[in-house]
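Student: Residue numbers (the UniProt record's numbering): 1 to 276. In this text, a Cβ means the ideal position worked out from N, Cα and C, and glycines have one as well. The structure under discussion is supplied below as C-alpha cells; questions concerning it will follow.
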Ligand SMILES: Nc1ncnc2c1ncn2[C@@H]1O[C@H](COP(=O)(O)OP(=O)(O)O)[C@@H](O)[C@H]1O
Ligand SMILES: [Mg+2]
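This is how it looks when you write it as C-alpha cells:
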C-alpha cells in the first residue's frame, strides 16, 4: 500500500500540485487522467523523488518516507518508472536492455562487464515473455518499432521486480492501435506480478478502457477519484475545463471510429451468416 498525503509542489509562485491525497492498493491499476499541465508528471516525480515535494508525505507500507540514503535506496528498488521515451540503450540487445532492470542488485564490477548471473537472465527472459517479446531477445534495441521498444521498456521495469510502477504517458508517441496493445501488456503483466500501477494518460478513451480506477487531475488538484463507470460528462468537464481541448475531441473521434469498426464487423458477420 502506498499512501500520498497532502502532497503539494510549487515552482516559484506556481502551484503545480495542491493537497493531493491518494492511496493505492497492491496490484491496483490506477490511471491519472488530466490535460497537459495538470501536474501528472509532477505527481509521479514527487513520488519517486525526482522532484522534492513542497509539503505532504508519502507512506509506503505504513512507513513514512524520509530522505535518508537508505529510504532512497529502498525507493529506487521498489518503484520502477516507465517514460514516454523508453530510454533503451540503442546499441544493446533487447535482452541486455531488460537486464539493466536487474543492475540495482548487481555488483558494479559485474554490471560494468555486463556479466549477469544466470538467475537474472532467467528473470529477464520471463519479463520478455510477459510482453510477448521473447522472439526479439537478441535483436538490437534500435531495430524495433516504437511499440516494441515500449514493450521492452515495460519488461525492463518488470525485471526490477518493483512493488510500484509509475508510467508517465507511456503511449504518448504511439498510434492508437499500438497504444492499446502496449497498455494491454502493461496492465496484464503488472496484474500477473501484483504490481500497483500509477499510469498518467491524457487520452480519455484509453483511461476509461484500461483504468480500474480513475484519478482526475486538473490544475494540480484531484477533481475525481473513482471507478471509470462514474466518469460522467460532468466529471470530464471538471477534468478538462475547456471542452474544445484537443484531447476531448481526439477521444470522441477515436471512440466513434472504434464503434463504427465494431458495427461494420457485426454487419459483415451477419451478411456472411446470411450467405451461409
Ligand atoms: N521544473 C519545472 N519548473 C517550473 N515549472 C514546472 C516544472 N515542471 C513542471 N512545471 C509546471 O508545473 C505544471 C504541471 O506540469 P506537469 O506536471 O509537467 O503537467 P502534466 O504532466 O500534467 O502535463 C505546469 O504548469 C508546468 O509548466
Ligand atoms: Mg507530463
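Is residue 16 near ligand 1, judged by its Cβ being under 7 Å from some heavy atom?
Tutor: Flag set: Cβ of residue 16 near ligand 1.
Student: Would you say residue 49 and residue 75 are within 8 Å of each other, going by their C-beta atoms?
Tutor: Yes, the Cβ-Cβ distance between residue 49 and residue 75 is below 8 Å.
Student: If residue 220 and residue 44 are in contact, beta carbons under 8 Å, what's the gap, nearest whole angstrom?
Tutor: Rounded, the Cβ-Cβ distance is 14 Å, inconsistent with contact.
Student: Beta carbon of residue 41: closer than 7 Å to some heavy atom of ligand 1?
Tutor: Residue 41 Cβ: within cutoff of ligand 1.
Student: Which one or two residues does DSSP pair with residue 23 in a beta bridge?
Tutor: 3.
Student: Roughly how many angstroms separate the alpha carbons of residue 80 and residue 209, rounded to a whole number?
Tutor: Looking at the two C-alpha atoms, the distance is approximately 23 Å.
Student: Taking just the CA atoms, how far does residue 51 sit from residue 71?
Tutor: Their backbone Cα atoms lie some 15 Å apart in a straight line.
Student: Residue 198 to residue 272, Cα distance in whole Å?
Tutor: Approximately 43 Å, taken between the alpha carbons.
Student: Does DSSP classify residue 103 as helix, strand or coil?
Tutor: Residue state, collapsed to three classes: helix.
Student: Quick check on the DSSP output: what are the complete beta strand (DSSP E) runs of length 3 or more inside the stretch 47 to 71, in order along the chain?
Tutor: Whole beta strand (DSSP E) segments, 3+ residues: 55 to 60.
Student: Helix, strand or coil, according to DSSP, for residue 188 in the structure here?
Tutor: Of the three classes helix, strand and coil, the one that applies to residue 188 here is helix, per DSSP.
Student: Are there any heavy atoms of ligand 2 lying less than 7 Å away from the beta-carbon of residue 169, as far as the coordinates show?
Tutor: Yes, the beta carbon of residue 169 sits closer than 7 Å to at least one heavy atom of ligand 2.
Student: Between residue 38 and ligand 1, is the CB less than 7 Å from at least one heavy atom?
Tutor: Indeed, a heavy atom of ligand 1 lies less than 7 Å from the Cβ.
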